[in-house]
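**Q** The structure's right below; bear with me while I get my questions together.
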Amino acid sequence: TWEGVRNYQARNLLRDDMQVGDGVLFYASNAEPSGVTGLAEIVRSGFPDPTAWRQGHEYFDPASTKTKPVWYSVEIGFVERFAATLPLATLKATRGLDKMLVTQKGSRLSVQPVTRAEYDIVVRLARRAGRPRR
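This note's numbering puts the last residue of the sequence shown at 158; the count rises by one with no breaks.
Below, the structure is given as structure tokens:
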């Protein structure tokens with residue numbers, strides 16, 4: 025379960041836009057280099073984040089109730105780990121990804137929409153990068 029998202033714009037994407045079967049690019053922002061490390065998929069669409077109701081939990085929010093939840097989660101399932109991280113620098117240098125939010129200066133949102141074309145380009149690049157050289 026992808027829980028603990030505490031940004032309203034990201035919450036809205038989790039709650040309203042992510043649907044079962046949607047592909048997910050797993051991006052490691054704290055890695056060196058940061059980049060896309062694999063694929064997942066949405067297996068359960070937006071539902072109230074139960075960590076918001078657990079007193080003492082780091083994501084507890086007293087404003088969120090079971091009848092009026094504030095925060096949402098999605099459940100994701102593993103699809104594939106890439107053989108190598110596809111670095112942000114490569115994403116920024118790739119034609120067709122120039123409008124992808126993660127490539128934009130100052131874009132730090134943990135949940136970002138990706139077009140089908142962007143998703144396909146990233147997957148193709150990552151799989152090509154992970155192939156052994158001959």
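C-beta: ideal position from N, C-alpha, C; glycine also.
Just so it is clear, the structure is predicted and the values come from calculations on it, not from any experiment.
1. Helix, strand or coil for T114, going by three-state DSSP, please let me know.
2. Starting from the C-beta of R30, find all residues in its chain whose C-beta is less than 7 angstroms away, skip the five residues before and the five after it, and write them out in chain order.
3. To the nearest whole angstrom, what separates the beta carbons of I100 and A52, a pair I think is in contact under 8 angstroms?
4. With DSSP as the reference, please indicate the residues paired to V98 in a beta bridge.
5. Any idea what DSSP makes of L37, helix, strand or coil?
6. List the DSSP bridge partners of L49.
7. Distance check for V103 and T139, CA to CA, integer angstroms please.
8. Over what stretch of residues does the alpha helix (DSSP H) that includes V44 continue unbroken?
9. Determine the direct distance from the alpha carbon of A150 to that of R39, and round the result to whole angstroms.
10. One question on the structure: do Q112 and V135 come within less than 9 angstroms of each other, judged by their Cβ atoms?
11. Work out the CA separation of L37 and S131 for me, nearest whole Å.
12. Have a look at K90 and N54 and give me their C-alpha separation to the nearest angstrom.
**A** A quick look at the data gives this:
1. Residue mapping note: residue 114 aligns to position 90 of the sequence shown, counting from 1. The answer is helix: DSSP assigns T114 an H, G or I state.
2. Taking the sequence shown and counting its residues from 1, the one referred to as residue 30 is at position 6. So the qualifying residues of the chain are Y83 and W95.
3. For this step, residue 100 is matched to residue 76 along the sequence shown. For this step, residue 52 is matched to residue 28 along the sequence shown. With a Cβ gap of about 14 angstroms, I100 and A52 do not count as contacting.
4. Your numbering for residue 98 matches position 74 in the sequence shown. The partner list for V98 (beta bridge, DSSP) reads W26.
5. The sequence position of residue 37 within the sequence shown is 13, counting from 1. If DSSP states are grouped into helix, strand and coil, L37 belongs with the helices.
6. Your numbering for residue 49 matches position 25 in the sequence shown. Beta-bridge pairing links L49 to L63.
7. By 1-based counting over the sequence shown, the position of residue 139 is 115. By 1-based counting over the sequence shown, the position of residue 103 is 79. Approximately 19 angstroms, taken between the alpha carbons.
8. Start at 1 with the first residue of the sequence shown, and residue 44 comes out as number 20. It is not in any alpha helix (DSSP H) - V44 carries neither H nor E in the DSSP assignment.
9. Locating residue 39 in the sequence shown gives position 15, counting from the first residue. Locating residue 150 in the sequence shown gives position 126, counting from the first residue. Each residue's alpha carbon lies about 28 angstroms from the other.
10. For this step, residue 112 is matched to residue 88 along the sequence shown. For this step, residue 135 is matched to residue 111 along the sequence shown. Reading off the sequence shown, one finds Leu at residue 112, where the question assumed Gln. Going by C-beta atoms, L112 is not nearer than 9 angstroms to V135.
11. Locating residue 131 in the sequence shown gives position 107, counting from the first residue. Locating residue 37 in the sequence shown gives position 13, counting from the first residue. Cα-Cα distance, rounded: 15 angstroms.
12. Mapped onto the sequence shown, residue 90 falls at position 66. Mapped onto the sequence shown, residue 54 falls at position 30. Taking the straight line from one Cα to the other gives about 33 angstroms.
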